[in-house]
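What follows is a set of notes on a single structure, which appears directly below.
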Amino acid sequence: MLVALAGYLALQYLSGHKGAPRCVVGPVGGGEGRTYELSPEQAANAATVSAVGTTRGLPERAVTIALATAMQESSLRNIDHGDRDSLGLFQQRPSQGWGTPEQIMDPVYSAGEFYEHLVEVPGYSRLPLTVAAQKVQKSGFPQAYAKHEPDSALLAAALTGRSPASLTCSQASAAAEGPGDAAAVRSDLVRAFGKDVLPSTGSAGAAAAGTVSVPVPAGDDRDSSRGWELAHWAVARAGTLRIDEVSYGGRVWTADTGWRTEREEPSSTSVRMRLAQ
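Residue numbers (full-length UniProt numbering): 1 to 277.
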């Protein structure tokens with residue numbers, strides 16, 4: 001009974017549902033299995049952490065470690081307080097050389113600093129997650145990161161694109177907050193993924209008014225993962241950037257319906273983001 005109920009709830013989340021704004025990551029297509037619920041704010045921060053890691057060429061394991069660390073340190077919230085002078089997603093301290101308060105409160109910067117220190121840990125990807133995280137954080141609670149590994153691994157699989165159509169967000173219509181800004185979407189894409197994510201600032205989004213289209217090379221599974229990474233990033237950032245619809249690989253997402261099969265000719269060569277008008 002409990003397994004069936006969990007599967008039903010996951011399907012409802014991943015296929016669209018009403019209620020308070022929330023995001024959920026779970027099995028592909030809403031099948032039975034583990035799910036993890038988080039707020040749109042947390043999902044947006046997690047998407048940034050993942051994007052910074054993959055843009056540096058780091059493996060999914062690095063993203064899993066980073067997400068588990070941020071879950072423990074700040075509950076994936078960019079908080080401006082903490083123990084002593086600790087700040088941000090990873091509770092980094094200006095007094096310990098992590099950067100200025102303004103820098104640390106920038107999720108792109110703070111995630112980058114975490115990864116810079118993580119890659120200096122010999123064999124970090126083979127270490128137990130809590131050991132790798134502790135070597136970076138030097139926390140007074142060195143075992144605290146371990147409990148987040150199942151959820152961070154589930155989230156990393158979605159945000160790195162390995163698990164297609166497995167992250168959805170249900171929130172108020174983006175149109176209620178005003179029209180989307182294609183320039184803002186492009187700017188956030190470049191900040192998270194680097195300038196190479198777009199062919200040029202002038203051509204991305206030119207396919208249709210109010211649409212940002214990000215090219216994805218057609219080819220092997222790695223290219224498909226890149227597409228789903230971008231698609232899930234857009235879903236996680238939909239509320240902030242006022243994105244009404246995301247489509248890729250024969251699936252289309254809206255806040256009302258979640259992921260569903262696309263009726264139009266599916267595209268595997270670009271991720272399309274339709275903005276609120």
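Even for Gly, the Cβ is constructed at its ideal location relative to N, Cα and C.
First through last residue of the beta strand (DSSP E) which encompasses residue i
i	result
residue 270	270 to 275
residue 168	167 to 170
residue 36	36 to 38
residue 25	22 to 25
Bridge partner(s) assigned by DSSP for residue i
i	result
residue 215	270
residue 252	247 and 260
residue 87	92
Buried or exposed (CB count within 10 angstroms, at least 16 for buried), residue i
i	result
residue 217	exposed
residue 213	buried
residue 95	exposed
residue 245	buried
residue 100	exposed
residue 178	exposed
residue 81	exposed
residue 261	exposed
residue 102	exposed
residue 57	exposed
residue 237	buried
residue 274	buried
residue 20	exposed
residue 60	buried
residue 120	exposed
residue 193	buried
residue 150	exposed
Continuous alpha helix (DSSP H) stretch holding residue i: start and end
i	result
residue 245	Here residue 245 belongs to no alpha helix (DSSP H); instead the beta strand (DSSP E) covers 243 to 248.
residue 189	182 to 193
residue 61	60 to 74
residue 114	107 to 118
residue 104	101 to 104
Secondary structure of residue i, DSSP reduced to three states
i	result
residue 127	coil
residue 204	The pLDDT assigned to residue 204 is 47, lower than 50, so where the model puts this residue is not dependable, and the model offers no usable value.
residue 152	helix
residue 45	helix
residue 223	helix
residue 137	helix
Residues near residue i in its chain [Cβ-Cβ closer than 8 Å; skip 5 each side]
i	result
residue 28	163, 164, 165 and 166
residue 354	The chain is shown from 1 up to 277; residue 354 falls before or after that span and cannot be answered.
Close-in-space but distant-in-sequence residues of the same chain around residue i (CB under 6 Å, 5 per side omitted)
i	result
residue 191	108
residue 277	179 and 210
residue 136	117 and 118
residue 130	143, 145 and 146
residue 2	At residue 2 the pLDDT is 36, less than 50, meaning the model places this residue with poor confidence; the figure from the coordinates comes in the next sentence. Nothing listed; no residue qualifies.
residue 253	235, 246 and 259
Proximity test, residue i beta-carbon vs the ligand NAD heavy atom, cut-off 8 Å
i	result
residue 135	The ligand NAD is not part of this structure, which contains no ligands at all.
Nonlocal neighbours in the same chain, by C-beta distance under 7 Å from residue i, ignoring five residues either side
i	result
residue 241	180, 184, 185 and 188
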